[in-house]
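**Student:** Residue numbers (the numbering used here), protein chains in the order written: chain D, 77 to 350; chain L, 9 to 453.
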Amino acid sequence: MPTTANVVYQYDGSFDGLLCSVFESYDKKEIPLDIVLPDATQMMLVPIKNIPTDSGKAKRVLASIPAKIGFLALDFVQHAFLTCFTQKELYILLFLRLGYRHGANVMEMLADDVVHTMVKAVRHLDRESHLFKGFIRFSIFNHILVAEIEPKNYVLPLLLQHFCERYPEERFLIYDKTHGMALVYQPYQSAIIPIDDLVLPEPDEAEESYRELWQVFYNTIEIKGRHNPKCRMNLMPKRYWKYMTEFGNTQYNHRKVLKGQDGLLKALSHKELF
Amino acid sequence: MDVFEKLKILTDAAKYDVACTSSGVNKKTPKGGIGSAAACGICHSFSADGRCISLLKVLMTNVCAYDCKYCVNRHSNDTPRAAFTPRELADLTINFYRRNYIEGLFLSSGVLKNPDYTCEQMIETLRILREEYRFFGYIHAKAIPGADSALVSRLGMLADRMSINIELPSQDSLNLLAPDKSKHSILTPMRYIQNRIQENSMDLVKYKHAPKFVPAGQSTQMIIGATPDTDLQILNLTEGLYKKYKLKRVFFSAYMPVIENSFLPTIDTEPPLWREHRLYQADWLLRFYGFAANELLDEQNQSFNPYVDPKCNWALHHLDFFPMDVNRAPYSDLLRVPGIGVNSAKRIVTARRMTTLSFESLKKLGVVLKRAQYFITCKGKKNESFKITENAILQSLMSEKTRKEYQMKFSQREAIDQLSLFDMPFKVQPNFLQEDIVKCLQQQM
Ligand code: SF4
């Protein structure tokens with residue numbers, strides 16, 4: 077039986093790095109108190125063990141998951157890794173340990189604390205990414221569709237397929253401000269790349285008028301006799317409103333190019349995004 | 009008139025149609041096209057009345073040759089009129105779609121000139137979208153009653169979903185309020201669409217690439233509260249439409265008074281939102297919970313209980329069905345427990361394969377114990393922390409809002425009298441239960 081060791085693992089933040097932590101945990105027959113990122117505050121009184129990322133070890137662990145616990149579990153763990161749940165790394169380790177013991181059945185142990193906590197975190201991620209499929213708003217600059225979001229979870233990988241299938245002939249960019257990443261697409265290629273800032277040009281006349289038309293539609297479609305702002309708020313929490321055209325966020329909509337040359341502008345002026 | 013003004017008028021005229029879902033079909037775009045559809049449907053926004061906005065919902069035109077009394081577009085109403093050209097509307101749709109404002113188009117129309125002409129205008133709009141813009145997103149088109157069946161058929165080849173609104177749930181009401189329509193003129197095209205869907209599904213078996221006819225099926229809508237039709241009538245009709253016409257959805261719309269007319273509720277009548285809500289709950293029970301209409305309402309109880317939802321109401325009338333052992337009960341029985349929904353029932357069935365469930369674990373599976381505890385046992389036991397004498401069963405079954413309304417409406421004595429309203433012939437007479445309810449109602453007054 078592994079013991080809970082008086083140690084905290086530190087990994088490089090990549091999925092491979094996390095898999096190496098799993099490897100380490102089995103190798104040393106120990107369960108760390110936590111698994112943290114390099115920049116985690118160093119106030120802990122426990123010794124920190126640095127786990128180097130080794131692609132060989134990572135591959136071995138990766139291959140063992142579908143083999144011993146099944147593809148569903150692999151998919152589940154990969155999703156869990158995208159969540160904003162603060163202890164996701166430790167819980168993924170605990171989940172995999174359960175999985176190696178119980179096999180594919182672990183996916184049915186919904187009443188178990190570890191499984192339950194992870195399921196909840198993944199549900200939160202799934203819900204958020206589903207909402208963004210609808211709530212994302214693109215502006216069109218120079219034939220390129222551009223959107224900004226501030227998600228809690230790292231949803232871009234989950235939005236990729238949806239938007240690529242929706243706009244196969246377009247060029248588009250979705251900038252995730254929270255994580256400093258962007259999903260970029262041009263006909264039949266996509267990538268998720270780091271972007272530190274995004275500066276948008278002034279909207280042109282067509283863009284302006286479609287925004288206004290949408291606001292006209294949005295304001296007219298309400299049945300005044302059924303006004304129910306609380307219900308709206310439940311279904312579409314306020315944090316999503318910031319980038320939504322219907323709320324005519326002027327600050328956002330009429331933002332000028334103030335900042336430097338970095339980010340999108342550069343990307344936009346290049347013919348190819350890749 | 010510019011597009012802004014047209015959009016305003018034609019949105020305003022379309023907004024009483026409730027259907028806005030984009031669900032029921034999964035589609036991917038082939039190369040060179042634009043648009044996809046997800047079977048679960050995607051909400052793109054919510055209007056300030058809390059309703060989902062998924063589709064650009066507008067009328068082709070609000071000019072109408074007919075004079076349905078309940079409708080804002082009726083011929084005799086003095087209101088500004090407008091009409092989109094097919095090109096204008098197609099452009100608007102595609103530009104909204106590219107910006108991810110919408111999932112597609114919901115196109116309906118008043119009867120301009122005659123049903124055939126109107127239908128042709130709609131077809132042209134859809135043709136531009138599908139053929140010129142190669143648009144593969146969701147389109148819901150309203151069939152215009154009285155249009156030639158060849159035109160209805162053409163419209164159906166371009167749309168994902170079609171609907172014909174029944175609007176008034178009985179022939180009497182139709183005669184009174186929609187003199188230009190009849191049950192026949194509504195049900196005939198509905199039957200026609202159903203048959204075409206069926207034929208088409210056979211074609212699809214034979215030829216894999218046969219074009220699809222309304223792949224997301226057809227739906228309809230009924231207005232609630234404009235006429236004296238009862239909940240029972242409406243629910244029976246709904247069930248019949250699912251069974252006989254294979255409809256995908258039936259929508260309900262609380263009547264919003266738009267005109268002073270001696271046949272209609274007065275203009276200051278509040279829309280019966282709670283009735284609409286109960287009907288949707290019951291509709292859900294028909295579609296996903298295996299209930300039949302006659303289990304929920306009957307000749308003695310023609311209206312829904314205003315204080316508890318139809319599922320709780322059923323449970324209170326069938327106490328002999330409970331308590332139920334969650335570790336053994338079949339899925340279909342679990343669905344009948346108040347506080348257990350489709351998701352939590354599925355999770356129960358999955359999780360109990362691995363372990364024997366306790367009340368604690370049920371919470372993790374998303375069961376609303378506050379409601380469910382009265383109706384279930386775990387490992388042969390009732391919830392330990394729950395003492396029946398201290399609990400207010402009925403209170404727990406009412407929603408927060410209803411409870412407040414209930415308190416406001418009735419003084420203490422009336423409240424006790426009012427119990428007859430629940431009319432609960434408890435088959436197994438656990439006396440404490442009746443007493444409990446009385447007590448809890450007294451307490452909260
Ligand atoms: S036919 Fe339709 S649009 Fe015309 S008045 Fe009747 S309900 Fe209204």
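We put the CB at the ideal spot given by N, CA and C, even for glycine.
From a predicted model like this one, the values you see are computed outputs, not experimental measurements.
1. Given 7 Å as the limit, tell me if Cys127/L has its C-beta closer than that to any heavy atom belonging to the ligand SF4.
2. If distances are taken between C-alpha atoms only, which option among Leu276/D, Asp272/D and Phe248/D comes closest to Gln265/D?
3. Asp57/L to Arg169/L, Cα distance in whole Å?
4. Where does the unbroken alpha helix (DSSP H) through Asp272/D begin, and where does it stop?
5. Taking the alpha-carbon of Ala91/L as reference, which of Asn108/L, Cys72/L and Pro273/L has the nearest alpha-carbon?
6. Using DSSP bridges, identify the partner residues of Phe112/L.
7. Taking the C-alpha atoms as reference points, what is the distance between Ile225/D and Asp252/D?
8. Which residues of chain D have a Cβ atom closer than 7 Å to the Cβ of Ile42/L, listed in chain order?
9. Helix, strand or coil for Ile419/D, going by three-state DSSP, please let me know.
10. Closer than 5 Å between the C-beta and any heavy atom of the ligand SF4: which residues qualify, listed along the chain?
11. Residues in its own chain within less than 7 Å of Glu283/D by CB, not counting five upstream and five downstream?
12. Alpha carbon to alpha carbon, how far is Glu204/D from Leu234/D?
13. If you measure between the beta carbons of Gly154/L and Pro123/L, is that distance less than 8 Å?
14. State the CB to CB distance for the pair Glu241/D and Lys36/L, rounded to an integer number of angstroms; the pair is presumed to be in contact (CB under 8 Å).
15. Work out the CA separation of Phe152/D and Leu293/L for me, nearest whole Å.
16. Is it the case that the Cβ atoms of Met68/L and Thr133/L are separated by a distance below 8 Å?
17. What residue from Val26/L, Leu182/L and Leu18/L has the CA that sits closest to Cys76/L's CA?
18. Against chain L, does Val354/D count as a neighbour if the rule is that its beta carbon must be under 8 Å from one of theirs?
19. Could you check which residue in Leu109/D, Lys133/D, Arg136/D and Ala134/D has the C-alpha nearest to that of Ile124/D?
20. Report the rounded CA-to-CA distance for Pro244/D versus Asn321/L, giving the unit in angstroms.
21. Just checking: is the beta-carbon of Met362/L within a distance shorter than 8 Å of some beta-carbon in chain D?
22. Ala149/D and Cys96/D - do their beta-carbons sit closer together than 8 Å?
23. Just to confirm before moving on: does the CB-CB distance between Phe312/L and Arg286/L stay below 8 Å?
24. Chain D beta carbons: is any one of them nearer than 8 Å to that of Lys16/L?
25. Quick test of your reading: Phe383/L and Ala323/L, contact by CB under 8 Å. State the CB separation rounded to the nearest angstrom.
26. Whose C-alpha, out of Thr358/L, Phe329/L and Glu96/L, is nearest the C-alpha of Arg344/L?
27. With respect to the beta strand (DSSP E) encompassing Ser215/D, which residues constitute its N-terminal and C-terminal limits?
28. Confirm, please, whether the CB-CB distance from Phe271/L to Leu176/L is below 8 Å.
29. Alpha carbon to alpha carbon, how far is Leu113/D from Gly89/D? Give it in angstroms, no decimals.
30. In three-state terms, what does DSSP make of Ser227/L?
31. Which first and last residues belong to the beta strand (DSSP E) in which Met257/D is found?
**Tutor:** Reading it off the structure:
1. no
2. Phe248/D
3. 25 Å
4. No alpha helix (DSSP H) contains Asp272/D, which DSSP labels as neither H nor E.
5. Cys72/L
6. In the sequence on display, residue 112/L carries Gly and not Phe. Leu63/L and Tyr146/L.
7. 5 Å
8. Tyr243 and Glu245
9. What is shown of chain D runs 77 to 350, which leaves residue 419/D out entirely.
10. Cys72/L, Tyr74/L, Cys76/L, Cys79/L, Asn81/L, Arg82/L and Gly118/L
11. Ser215 and Ile216
12. 10 Å
13. yes
14. 5 Å
15. 31 Å
16. yes
17. Leu182/L
18. Nothing about residue 354/D can be read from this structure; chain D reaches only from 77 to 350.
19. Leu109/D
20. 50 Å
21. yes
22. no
23. yes
24. yes
25. 6 Å
26. Phe329/L
27. Ser215 to Phe217
28. no
29. 6 Å
30. strand
31. Met257 to Gln262
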